[in-house]
Amino acid sequence: MVRKQEQPGDFAARLVERRIVGTGRHGKHLFIHIVGDVTWVIHLGMSGRVGVGRVGDVRPPHTHVVVVLDDGNEIRLTDPRTFGHTEALAPEEVATASFSAHGPDAYTDPPAPSALADRLGHRTAPIKALLLDQTLLAGIGNIYADESLHRARLAPHRPAGALTRGEIERLLEAVATTLEAGLRAGGTTLADMAYLLPDGRSGEFITELAVYGRDGEPCPRCGAPIRRDVIRQRSSFWCASCQH
DNA sequence: ACCTCCCTGGCC
DNA sequence: GGCCAGGGAGGT
Numbered sequence: 003m004v005r006k007q008e009q010p011g012d013f014a015a016r017l018v019e020r021r022i023v024g025t026g027r028h029g030k031h032l033f034i035h036i037v038g039d040v041t042w043v044i045h046l047g048m049s050g051r052v053g054v055g056r057v058g059d060v061r062p063p064h065t066h067v068v069v070v071l072d073d074g075n076e077i078r079l080t081d082p083r084t085f086g087h088t089e090a091l092a093p094e095e096v097a098t099a100s101f102s103a104h105g106p107d108a109y110t111d112p113p114a115p116s117a118l119a120d121r122l123g124h125r126t127a128p129i130k131a132l133l134l135d136q137t138l139l140a141g142i143g144n145i146y147a148d149e150s151l152h153r154a155r156l157a158p159h160r161p162a163g164a165l166t167r168g169e170i171e172r173l174l175e176a177v178a179t180t181l182e183a184g185l186r187a188g189g190t191t192l193a194d195m196a197y198l199l200p201d202g203r204s205g206e207f208i209t210e211l212a213v214y215g216r217d218g219e220p221c222p223r224c225g226a227p228i229r230r231d232v233i234r235q236r237s238s239f240w241c242a243s244c245q246h
């Protein structure tokens, strides 16, 4: 999981005997700030988890990175698929990291409709693809993209530049309410149980999903069958009857 | 806009 | 055994 660290030895060297001074998050990147201007970056990928346990206790399977604290606890990064990654960066590395080019956080710092309209203006790509583009808006993944589009009653294939001002406002409103609902429910634990809350509980947003993973089931809004299309190599679940 | 790759695991 | 999976980088 430290494969993106330019000098692999830097990961431990930059953390050992250093104090944690704060935490942060932008989009899907987690930040643990370390004394000496070091940023410990964590991205969970598709199957990663951050856990805390007691030193000496049995660790979960697929625990790849362990950082022992001075209070008897240890931070564990667990990731069966290892699409996640972590690194300890110096300020100049943070400045050039890909996440530093990401757009505003979709939850804490959503753009004004006019700002998003400017950036979508001439884009011909489907709006679904651009919702997943972290350089436009950071933090939305496949589930929340599909759920947001359903709430906004927008078809995922719509060319982004052709959205009207009203539709962009609807989309931003839908993103906000979808992310709020997702967080309130503790996130989305799917059947694979890959994502769990830090204390091991499941997130319950799966019970509120309108379209994601519901291929063939009736749309909760209009009853038409939900379909699954592939857009940019990712599954897209949507209702062709009430999303236009 | 497409492709491959990074990995493991569950399901059909 | 093939397909699918909450993500993203890199190449053409």
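Residue 158 in the numbering used here sits at position 156 of the first sequence; the count goes up by one each step and never skips.
Cβ coordinates follow ideal geometry from the N, Cα and C atoms, glycine included.
Since this is a predicted model, take the numbers as computed values, not measurements.
Query                                                                                                                                                                            : Result
Using 7 Å as the threshold, is the C-beta distance between Gly215 and Leu199 below it?                                                                                           : no
Figure out for me which residue from Ala103, Glu169, Ala140 and Gly24 has the closest Cα to the Cα of Gly123.                                                                    : Glu169
At what residue ranges does the region 161–209 contain a whole run of the alpha helix (DSSP H), taking only runs of 4 or more?                                                   : 167–186
With 16 other CB atoms within 10 Å as the buried threshold, where does Asp81 fall?                                                                                               : buried
Between His87, Arg155, Thr88 and Asn75, which has its C-alpha nearest Lys130's C-alpha?                                                                                          : Arg155
For the region 73–116, which segments carrying the alpha helix (DSSP H) assignment without a break, of at least 4 residues, lie completely within its bounds, in sequence order? : 93–98
Distance check for Ala178 and Gly184, CA to CA, integer angstroms please.                                                                                                        : 10 Å
If you compare alpha carbons, which of Glu94, His159 and Gly141 is closest to Ala108?                                                                                            : Gly141
State the CB to CB distance for the pair Val37 and Arg21, rounded to an integer number of angstroms; the pair is presumed to be in contact (CB under 8 Å).                       : 5 Å
Taking C-beta to C-beta, are Met195 and Gly86 nearer than 7 Å?                                                                                                                   : no
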